[in-house]
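Below you'll find the structure, written out as structure tokens, and then a few comments.
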Amino acid sequence: MHASDAPPKGFAAAMLAPITLLYLFCLLAPISYFLAVSFLRYSPTELYTSTPTLENYARLLSDAYNVGVIAETFRVAAVVTAVTLVLGYALAYFLSRAAPAWRGLFIFLVIAPLMTGVIVRTYGWIVLLGTDGLVNRALMALGLVARPLQLLNSEPTVIVALVHLMLPFMVFPVFSALVGQDPHLVPAASTLGARPLRAFLEVTLPISRSGVVMGSALVFTITAGAVVTPALLGGRDVMMMGQMIYQLVLSTFNWPLGAAFAFVLVLCQLVVIALYFRRTRHAG
Amino acid sequence: MPASPHDSDEFVSSGIVVRAPDGGVPASAARRRVREPAVDLSPLGRFAFGLLVAALYAFLLLPLLIVIFTSFSPDERNVYALSQASLRWYREFADSDNFTTAFKFSLWLAAIASVLATGIGFITAYGIVRFMRRRREIGQALAMLPMMVPHILISLSLLLVLTRFPVPELAALVIGHVLICLPFTIAGIVASLEGVDAELEAAAHTLGASRLRVLAEVTLPLVAPGVLSALIFSFIISFGDVDIALFLSGPGMTTLPIEIFSYIQWQSSPVVAAITTVQIVLIVLFGLVVERLVGLRAAMRI
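Residue numbers (my numbering), protein chains in the order written: chain A, 150 to 433; chain B, 15 to 316.
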């Protein structure tokens, strides 16, 4: 008998059973349960009562503060995505043209910060930007400011730190798309008379579109769900949906409203991902 | 001004002409050479681009370097006096119960989660590659599920389950970490398995080895580098995670990132720099091993 031709059903099922059970009972079921709670009435004594209601969503969308949190989340995510795209594209472009002997090192230097985790890097920004931090000391030494600037606890700082966190997620999808490019295309375009800028806009950019779209979707969805970085660097100035959910669930124990926020977050992310898949399919 | 970009155009086209004759070198080398200046910039543009790239690397690495630097500072005020560098904050880290306990807990948690994620990842990858055939792409996409939902959603829903059902808290934390590691271990091991000839397994099976034995004695050794890097990589993910542990940590089971998070919310001390430096060194060492084994980018799936 040829082993690979007729795999016994039992063995194949045994290989795939653990993951199926794990995803069903520890991922899909709990998430469905959690999202379902958003349609139940809040109860201060027992988390929720089993009365179906839309009042959590009504409260979410009628309260100006809540709407502001949603708007702020997507504004920050959009700005971070845009900045990351420009900077990440430049870095990916550099990596795709770097001499092969050095490329490994340069790639490692982009990935190494990613691996150290969110807390380590967020802490790095606290040290850099604190009143006593390197940036303020440098500004004062140069005589540009008389007193240390209040850099922490502001939205721009959150954006800078999030760009730092997200950069690798943009660099590598774009890099993969650029590396797959036929290296003769741009020289061909310039031989045909295209200026560098035009060759870039009309040859390189369209080719890297799948990477751009994927990187942007990745960065946008991860940023929209950020909790720790805005909490540590934004102070009272920034309130994103992740922090809001964190507070609703852990401080006020309002699970239904927290779940409603989470549902809105997930829906928006699904829309972004769906757009991403439609775009890439169009791109072929 | 308009003359200069035009000049560079001339330079580009002449560059092609100059390049063409050395087509005598092996094709791969020639291709590599053409690839470098895909958009030829003027020397000034080239310089500006180089400057931008250098600034980007500084941006990426500075927050980490500053942490390492700060960890050696002699006291809280005089952070940048390098001549008086001290190991004081490392001693303080070693003496602080909270941080050392959290550090050990994180190591244990990461060890358990990475072993489970790699074990389940291995058999899942094997099942996908060998048995799913035409539905393989669906299988691989489904395996990525935990990556497609925000991590805080995973931890929140596990927390909700905890409040309603008698599940041990530690189990929820481990499950959460296994879930976020699985997409990486499965994808990494699938990539390794693609290089294994199914005929080898078939031969061993024909010679009388049971399927389980084939898996353990033929397949596993062949994909050992992929499995090992999946193990290390999921260790790194678990060790650095904050989104899962943020909701599922509890008394007596606080991970290091969460301990640091709650500490730096209210106070600041170079002791945190010392701890994170230890973490950076640990993770960079692990990363270098993965880089040697399969390449980091392949392991990260990005």
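Here a beta-carbon is modelled for each residue, glycine too, at the ideal position from N, C-alpha and C.
| Check | Outcome |
| --- | --- |
| Buried versus exposed, by CB contacts within 10 Å (16 or more), B/Leu196 | buried |
| Spatial distance of A/Met319 from B/Ser276 (CA atoms) | 30 Å |
| Rounded separation between A/Arg492 and A/Val352 - CA only | Absent from the model: residue 492 of chain A. The displayed extent of chain A is 150 to 433, so no value can be given. |
| Euclidean distance between Cα positions of B/Leu168 and A/Thr370 | The identity of residue 168 of chain B in the sequence shown is Ile, whereas the question assumes Leu. Each residue's alpha carbon lies about 15 Å from the other. |
| C-alpha gap between A/Ser181 and A/Leu258, whole angstroms | 39 Å |
| Delimiting residues of the alpha helix (DSSP H) encompassing B/Arg144 | 111-145 |
| Whole-Å CB distance - A/Leu189 paired with A/Pro179, under 8 Å assumed | No, A/Leu189 and A/Pro179 are not in contact; Cβ-Cβ is about 15 Å, not under 8 Å. |
| Between the CA atoms of A/Asn403 and A/Ser192 - distance to the nearest angstrom | 8 Å |
| DSSP beta-bridge partners of A/Tyr197 | A/Tyr191 |
| Beta carbon of A/Val307 nearer than 8 Å to that of A/Val225 | yes |
| Where B/Met267 falls: helix, strand or coil (DSSP) | strand |
| Cβ-based contacts, 9 Å cut-off: residues of the segment 249-264 of chain A near chain B | Pro249, Gly253, Phe255, Ile256, Phe257, Leu258, Val259, Ile260, Ala261, Pro262, Leu263, Met264 |
| C-beta neighbour in chain A for B/Gly202, strict 8 Å | no |
| Beta-carbon gap between A/Ala409 and A/Gly391 smaller than 8 Å | no |
| Per-residue contacts from A/Pro405 into chain B (C-beta, under 9 Å) | What A/Pro405 touches in chain B: nothing, since even the nearest Cβ is about 11 Å away. |
| DSSP three-state assignment for A/Pro405, whether helix, strand or coil | helix |
| Chain D contact for B/Ile246 (CB, 8 Å cutoff) | The structure shown has no chain D; the protein chains it does contain are A and B. |
| Within 8 Å, strictly: CB atoms of B/Thr291 and B/Ser120 | no |
| Within 8 Å, strictly: CB atoms of A/Tyr425 and A/Val328 | no |
| Contact under 8 Å by Cβ, B/Ser171 with A/Phe174 | no |
| Closer than 8 Å to chain A by CB, B/Gln281 | no |
| Straight-line gap, B/Glu106 to B/Phe86 (C-alpha atoms, nearest Å) | 12 Å |
| Through-space distance from A/Tyr238 to A/Phe338, alpha-carbon basis | Going by the sequence as given, residue 338 of chain A is Ala instead of Phe. Rounded to whole angstroms, A/Ala338 to A/Tyr238 spans 21 Å at the Cα level. |
| Own chain partners of B/His191 with C-beta closer than 7 Å, once the 5 adjacent residues on each side are dropped | Leu123, Ala127, Ser252, Asp255, Ile258 |
| Exposed unless 16 or more other CB atoms sit within 10 angstroms - verdict on A/Leu316 | buried |
| C-beta neighbour in chain A for B/Met158, strict 8 Å | no |
| Members of the segment 99-125 of chain B that neighbour chain A once the beta carbon cut-off is set at 8 Å | none |
| Nearest-angstrom Cα separation, counted from A/Leu278 out to A/Ile453 | Here chain A comprises residues numbered 150 to 433, so residue 453 of chain A is not present and cannot be evaluated. |
| Own chain residues within Cβ distance below 6 Å of A/Ile356, not counting five before or after | Gln330 |
| CB contact below 8 Å: B/Val286 versus chain A | yes |
| Where B/Arg149 falls, given that 16 or more other Cβ within 10 Å makes a residue buried | exposed |
| B/Ser171: contacting residues in chain A (beta-carbon distance under 7 Å) | Pro179, Ile180, Tyr182, Phe183 |
| Proximity test, Cβ basis, 8 Å: A/Gly433 and chain B | Low local confidence applies: a pLDDT of 40 at A/Gly433 is under 50, so the model's placement there is unreliable, with the coordinate-based value given in what follows. So no, A/Gly433 is outside the interface. |
| C-alpha gap between B/Leu159 and A/Leu176, whole angstroms | 9 Å |
| Segment limits, alpha helix (DSSP H) that includes A/Asn205 | 204-211 |
| Within chain A, the residues that B/Ala225 reaches when beta carbons sit closer than 7 Å | Strictly speaking, residue 225 of chain B in this sequence is Arg, with Ala absent from that position. Chain A residues near B/Arg225: Phe160. |
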